[in-house]
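These notes are about the structure you will find just below.
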Amino acid sequence: MKTKIIFGIIYLCLKVNVFSQDLDPRIEQKVDSVLSLMTMDEKIGQLNQLNGFWDATGPIPEEGQSLNKYNQLKAGLIGSMLNVKGVKEVRELQKIAVEQTRLGIPLIFGFDLIHGYKTITPIPLAEVSSWDMELIRKSAAMAAEEATAAGVNWAFGPMVDVSSDARWGRVMEGVGEDPYLASLVASARVIGYQGENLDRTNTLLACPKHYAGYGFAESGKDYNTVSIDDYTLHNFVMPPFKAAIDAGAMSIMTSFNVIQGVPATANNYLINEKLKKDWGFKGIVLSDWGSIAEMITHGFSPNPIHATRHAFLAGTDVDMEASFYANHLKDLNTQNIVSTAKIDESVKRVLRVKFQLGLFDDPYLYCDETREEQIILSKENRDLVLEVALNSIVLLKNDTNLLPLTGDKKIALIGPLAKDKNIPLGNWSLAADSDSAVSIYEGFKNLNINFEYAKGVNLVNKKVSFPFATHLNITNTEGIEEAVALAKKSDVVVLAVGEDAFQTGEGRSQSEIQLPGLQRALIEAVSAVNANIILVTQSGRPLDLSWENEHVKSIVHAWHLGTESGNAITKVLTGEFNPSGKLPMSFPRAVGQLPIYYNKYKTGRPSDPGNDIVFWSHFTDVEEGPLFPFGYGLNYSNIKIENVKLSKIKIKEGDSIKIEVTIKNHSKVQGSEVVQLYIQDLYSRYVRPIKELKDFEKVRKELSCYLLAFL
Ligand code: GLC
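Reading the sequence shown from the start, the letters are residues 901 to 1611 in my numbering.
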């Protein structure tokens, strides 16, 4: 198979700008007419978002605990709600807003649609490993199909926080370490959620988050201080948000952290200057859960009045769960500290989106019980999720080609994640049915694989669920003996290990990123009696697999792959699907290397392993560089990138270069390759990374593609 790729360094956006931030005059007219009817209380009500009566996804701030939501609803003092799901519940609350309030302004219903609704997709970081933007868009569109069928019309996603620190629990819901790849993913997900038109029953409002800098929390500790310079802010943090806004996102969520000492929720530069003025953003700026109240905790505001004033005047339009706007904005207006015009501007943003969603035409547009029955968990959705999962798996090691498994081998399936049907659902799976993932064990059965099973050890001492912490302290090793006995009589051992879905995600940062609990003891015992070990790791973050890499022959990284996890893993292990995933985040050799990323600066004493004096940038106790780098992933073929040709070796500004490569498969095993184009700016007023991803193409057997170059 020979495929020629002509690459380009393309400065033009590759994505389709389905949406823009341009306003529709017809909608603006309607917005103005509704606004003219509203009292100040009703206006402020539109800026107030409260949690539903069921799941909570954050701590309820003291003042935000409202015990009489129904009365507030009936008085038109709530504009949107979150964590209300299911047509029945949505319809019940919408009915109050539409039929029992003076103006009947409909509610919007938000939900953390991070990786699927009931048909759970691979976690976002896994999906990025596919490097397939169309697949990522489809995945978001499928999630929107299901969530809207359940009455939800505001996705609190995509999360587009670039991060290179695997200690941070929320890397699982993000976009990896590279701003270019992250920007394309952000666009794909926004377009997947919002579709061609927001007023379709199967599209919903996207909400890129968390604006901004959240992924740079010091030591990867969630909610921790973020102190980054402007250069990092604009070169690493902002690009995916800009891409999401350019793709037409009509809401955005602020982050909990401070940026240059000012809480993001009250950061005038970020919101009014950059987002609303420079980028022309016309949608809703939503705070994160109680983040306006947390401005007091941060030590930025002495009291709720101050916090309300600064968050609102900085440009945060809607208050999630703090009730500060509900309780204090009117006084600030009466005292002429916050003008009516400023309040109107925010209310118009909310009304605009409600018109775009079609809610004024039909407030029950998303309340269709038939759709809810037919769409959710459909075979079509599961087939798509399987396709996404297959493309998200990354083959990290395959010495002696132990993989793919062949039918003549006696296989032992061992490990705490072999039979688990919950962990693969990942961290943000609030709407999923428990135990609804296909386990590896079931995947093996589905493909009639000849195997025996032993658990070995438990992963955690008790099943945990949202939002409780995970406690490891397991000491029970009795299962190891049975696992060793099984390994002894088997030809190959598939070891299913990893981390619990609630050892990753929000509020779950870790100081260690090795396999938790007794899993290494299990691997040690099994590898002592059988050298043919295939490690299948499932996690929400990059793990420190240095020790494992020395003790096993193959490593398949499967992230948390969602509903079809076991089928996808099995199809890869048996070669029914040739793995094609590439890492979106570097896997370190040791946690002490973090943050670690490929697009680093050279420094004045660059890493130079060949240098035997100490005066260069390195650690004395660990080999330089990641264990597995960004963009890395193996397959079962033997695909080479050859004959790299440049049309020129020198250009001036405005010129273009064509870079032509040949992709050759030197094996008979069909497969795909992600051809990646990096550039380096050798000298610059501000130093540039040693390399920067600027283009890529996932080449499959039937695809020959030519990307013309524009420079
Ligand atoms: C959480 C998260 C945010 C989420 C929101 C609502 O604390 O930070 O990502 O969308 O609250 O659940």
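Backbone N, C-alpha and C fix where the C-beta goes; we use that ideal spot for every residue, glycine too. Please read all numbers here as calculations on a predicted model, not as lab measurements.
Residue i and residue j closer than 8 angstroms at C-beta
i	j	result
L1435	E1450	no
G1051	K985	yes
L1290	D1099	no
A1144	L1104	no
V1384	A1318	no
R1252	K1182	yes
L1534	N1298	yes
P1442	F1487	yes
A1387	I1314	yes
D1188	S1155	yes
G1069	G1405	yes
A1117	Y1123	yes
P1484	L1084	no
V1360	D1400	yes
V850	L1582	Beyond the ends of the chain as shown, which are 901 and 1611, falls residue 850; an answer cannot be given.
W1328	H1015	yes
Outcome for residue i when other beta-carbon atoms lying within 10 angstroms are tallied against a minimum of 16
i	result
F1344	buried
K1389	exposed
F1530	buried
R1002	exposed
S1151	buried
G1148	buried
H1566	exposed
A1044	buried
A1055	buried
K1552	exposed
G1180	exposed
N1511	exposed
T1234	exposed
N1348	exposed
F1402	buried
Per DSSP, cross-strand counterpart(s) of residue i
i	result
S1454	N1298, I1434
V1599	E1573
M1059	K1109
M1220	Q949
S980	Q949, I1008
A1354	I1314
G1398	Q1438
P1163	V1158
W1054	G1010, L1105
Cβ shell of residue i (< 8 angstroms), same chain only, five flanking positions each side left out
i	result
H1210	A1166, M1195, F1200, S1201
E963	Residue confidence is low: E963 scores 44 on pLDDT, short of 50, so the model does not pin down where it sits. Its coordinate-derived value is still stated next. So the list reads A1193, P1204, A1222, S1223, F1224, N1227, once near-sequence residues are dropped.
A1421	V1357, T1377, I1380
L1229	I944, L947, T1208, F1212, V1238, I1243
Same chain only: Cβ atoms within 7 angstroms of residue i, ignoring 5 sequence neighbours per side
i	result
Q965	Its pLDDT being 48, under 50, Q965 is placed unreliably by the model, and nothing is read from it.
V1288	T1021, P1022, E1027, S1030, L1035, S1039
A1468	L1286, A1289, L1290, I1293, L1461
K1142	W1179
Minimum C-alpha distance to residue i - residue among the options
i	options	result
P1140	P1058, K1598, D1444, H1015	P1058
I1020	S1278, V1599, I1145, E1424	S1278
L1461	V1360, G1504, A1431, S1336	S1336
L977	I944, Q994, F1515	I944
Q1493	L923, A1066, G1504, L1259	A1066
G979	W1328, I1184, V987, E989	I1184
G1475	W1031, H1015, E1399, L1303	L1303
L1418	E1034, D1521, G1356, L1483	G1356
N1430	Q994, P1079, K1453, F1011	K1453
H1134	K1121, T1125, S1119, I1159	I1159
A1164	D932, F1136, P1495, S1127	S1127
N1350	V1393, G1215, P1589, V1062	V1393
E1464	G1095, V1285, P1079	V1285
N1172	T939, C1107, E1245	E1245
L1025	H1457, S1187, F1212, G1095	H1457
L1296	D924, E1273, L1445	L1445
K1121	S1507, I1413, I1549	I1413
V1623	L1395, W1516, F1009	Residue 1623 cannot be examined here, being either before or after the span of the chain that is shown, 901 to 1611.
L1395	G1407, R1408, E1352	E1352
I1340	N1322, I1276, L1330	N1322
Own chain, CB closer than 6 angstroms to residue i, minus 5 neighbours either side, in chain order
i	result
K1591	Y1578, Q1580
P961	Reliability fails at P961, whose pLDDT of 41 lies under 50, so the model's placement of it is uncertain and the value that follows must be treated cautiously. Excluding positions up to five away in sequence, the list reads G1190, A1193, A1222.
R1271	A1049
V1544	V1561
A1088	M1033, I1036, R1037
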